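Start counting the sequence shown at 41; every next residue gets the next number (the numbering used here). Taking it in order: structure first as structure tokens, then the write-up.
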Amino acid sequence: MRLKSNEIVKHRFQGHSRMLALRRTSLREFLKSRFTNVDPSALPKKAKIIGHVALVRFQDEEIDPKELGKAILEFYPTVKTVLRLRGIVGKLRQPVVEFIYGDPNTETIYKEYGYKFMLDVSKLMLCLGNSYERLRTAKSVRSGEVVVDMFAGIGQFSIPCAVISRPSKVYAIEINEEAYRYLKINTVLNNVEYVVEPMLGDCKELTPTLGRIADRIIMGFFGGTIEALPAALKAVKPEGTVIHFHELVRRGNGKDELWKEISELCHRLGYTSTLIGLRIVKSYSATKEHVVIDFKVRPSCDLSAVTSNVA
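Shown next as structure tokens:
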């Protein structure tokens, strides 16, 4: 049976009104009416939405995962797949997930500021809280620059840089083979395959092979970023290079202590470092925060001596 045009409009309006009504309450408040026999504090406060996939954490074994999945699909009308996120493991921060409801397809396209990022949410993590930082970094790039993205992932920094600021080249280095595969796909999806050059391997090994070409280096990783700094310095141009350095630090004076550690290491390796800016990207836990330090670094002596020190 075909609907009349006025019935179609009415149907769409009712669907839109329902979506707005759901948005006026939190996920936990919505779930409380569905799981009356469960302690409300055990219900998830929110879900992480990546494309058509929802990732949700919950511990209470009294919660029926399938029923929870159904409720989440009702609360988020654009979601088709619900996964339970049990944790993130390893140096590559790989998710441990369990499919609980909906479409079993976990490959999706996530859109951010108009850019498209394809990924398999069951195999790769994406930090949604860093979206503004990715845009800010991209806008700081100048036309014609050579950019080295040492922890490229699926292209979250490299692709916005290539689109917004028209650099001459972006070298996007990624050690995770699955992320590297999607990095290559995403350069094509966003029409920047002639600007972004994906490189598979350890950035500590690959960055020095590029030579002293970088106008800007992005170190968008946390959990030992300082270990990759000596390799980054090998790509610094004689006239200087801007570095965007990410790390987790303790709340309070942690960011100042990190800057001191960075500047002292640069000095020991024969470089001068000048602070440009320091900002908190997001809160990470009760005791830690994710920060980014922007600084300019240049050789403080003859480059041949610097190369010897860093080797």
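We put the beta carbon where it would ideally sit given N, CA and C, even for glycine. Quick caveat: nothing in here was measured; it's all calculated off a predicted structure.
Quiz item: Cα separation between Leu273 and Ser205?
Solution: As a first step, residue 273 is located in the sequence shown; it is residue number 233 there, counting from the start. As a first step, residue 205 is located in the sequence shown; it is residue number 165 there, counting from the start. Roughly 23 angstroms separates the two Cα atoms.
Quiz prompt | The alpha helix (DSSP H) enclosing Val228, as first and last residue numbers | solution = In the sequence shown, the residue the question calls residue 228 occupies position 188. Boundaries of the alpha helix (DSSP H) harbouring Val228: 217-229, taken from the DSSP string.
Practice problem: Return the chain-ordered list of same chain residues with a C-beta closer than 6 angstroms to the C-beta of Val331, the five sequence neighbours on each side being excluded. | Solution: Within the sequence shown, numbered from 1, the residue matching residue 331 stands at position 291. Closer than 6 angstroms at Cβ, skipping near neighbours: Val289, Lys295, Ile320.
Exercise. Please report the Cβ distance between Leu166 and Tyr150, rounded to the nearest whole angstrom; I am assuming they are in contact, meaning their Cβ atoms lie under 8 angstroms.
Key: As a working note, residue 166 is residue 126 in the sequence shown. As a working note, residue 150 is residue 110 in the sequence shown. That pair is a contact at about 6 angstroms.
Exercise. Determine, using beta-carbon pairs with one atom in the stretch 246-266 and one in the stretch 189-204, whether at least three such pairs fall under 8 angstroms.
Key: Short answer: they touch.
Quiz prompt | Completely contained alpha helix (DSSP H) runs for the stretch 171-213, where each covers 4 or more residues | solution = 171-180, 198-205
Quiz prompt | Nearest to Ile283 (by Cα), restricted to the options Asn293, Ala271, Arg291 | solution = By 1-based counting over the sequence shown, the position of residue 283 is 243. Selected option, being the one with the closest Cα: Ala271.
Self-check item: Residue environment, Gly317, which counts as buried when at least 16 other CB atoms sit within 10 Å
Solution: Taking the sequence shown and counting its residues from 1, one reaches residue 317 at position 277. Exposed, because fewer than 16 other Cβ atoms sit within 10 Å of the Cβ of Gly317.
Self-check item: Rounded C-alpha distance that separates Leu113 from Phe157
Solution: In the sequence shown, counting from the first residue as 1, residue 113 sits at position 73. In the sequence shown, counting from the first residue as 1, residue 157 sits at position 117. The alpha-carbon atoms of Leu113 and Phe157 are separated by roughly 22 angstroms.
Self-check item: DSSP state of Thr121 mapped onto helix, strand, coil
Solution: Residue numbering aside, residue 121 sits at position 81 when the sequence shown is read from its first letter. DSSP places Thr121 in strand when its eight states are reduced to three.
Practice problem: With a threshold of 16 other CB atoms inside 10 Å of the CB of His307, please say whether the residue is buried or exposed. | Solution: The sequence position of residue 307 within the sequence shown is 267, counting from 1. So His307 counts as exposed.
Quiz item: Once you ignore the five residues that flank Cys341 on each side, which residues in its own chain have a CB closer than 8 angstroms to its CB?
Solution: Counted from its first residue, the sequence shown places residue 341 at position 301. Correct list, in chain order: Gly310.
Quiz item: Are Leu223 and Ile266 close, meaning C-beta to C-beta below 7 angstroms?
Solution: Along the sequence shown, one-based indexing puts residue 223 at 183. Along the sequence shown, one-based indexing puts residue 266 at 226. Their beta carbons are not under 7 angstroms apart, which means Leu223 does not touch Ile266 by this criterion.
Exercise. Output yes or no for whether 7 angstroms exceeds the beta carbon distance between Gly184 and Ser162.
Key: Along the sequence shown, read from residue 1 onward, the residue named residue 184 stands at position 144. Along the sequence shown, read from residue 1 onward, the residue named residue 162 stands at position 122. Against a cut-off of 7 angstroms, the Cβ pair of Ser162 and Gly184 comes out as no contact.
Self-check item: CB-CB length for Gly280 against Val337, believed under 8 angstroms
Solution: If you number the sequence shown from 1, residue 280 lands on position 240. If you number the sequence shown from 1, residue 337 lands on position 297. Right, the Cβ-Cβ distance comes to about 7 angstroms (below 8 angstroms), so this counts as a contact.
Exercise. Counting only runs of 4+ residues fully inside the stretch 225-290, write out the alpha helix (DSSP H) ranges in chain order.
Key: 243-246, 269-273
Quiz item: Would you call the CB atoms of Val236 and Ala202 closer than 7 angstroms?
Solution: Here residue 236 refers to the residue found at position 196 when the sequence shown is read from its first residue. Here residue 202 refers to the residue found at position 162 when the sequence shown is read from its first residue. Yes, they are a contact pair.
Quiz item: What residue from Pro84, Lys88, Ile89, Pro117 has the CA that sits closest to Asp104's CA?
Solution: To locate residue 104, count along the sequence shown from 1; it is residue 64. Here the closest residue by C-alpha is Pro84.
Self-check item: Which residues DSSP lists as bridging Gln99, in chain order
Solution: What you label residue 99 is simply residue 59 of the sequence shown in a count that begins at 1. For Gln99, which the question treats as bridged, DSSP gives no partner whatsoever.
Quiz item: Which residues bound the beta strand (DSSP E) around Gly142?
Solution: Residue 142 sits at position 102 when you count from the first residue of the sequence shown. It spans 134-142 - the beta strand (DSSP E) in which Gly142 sits, taken as one unbroken run.
Practice problem: Under 8 angstroms Cβ to Cβ from Glu218, same chain only, skipping five residues before and after it: list those, please. | Solution: Against the sequence shown, residue 218 aligns to sequence position 178. Its chain contains Asp160, Lys163, Leu164 as the residues whose beta carbon lies nearer than 8 angstroms to that of Glu218, once the 5 sequence neighbours on both sides are disregarded; these appear in chain order.
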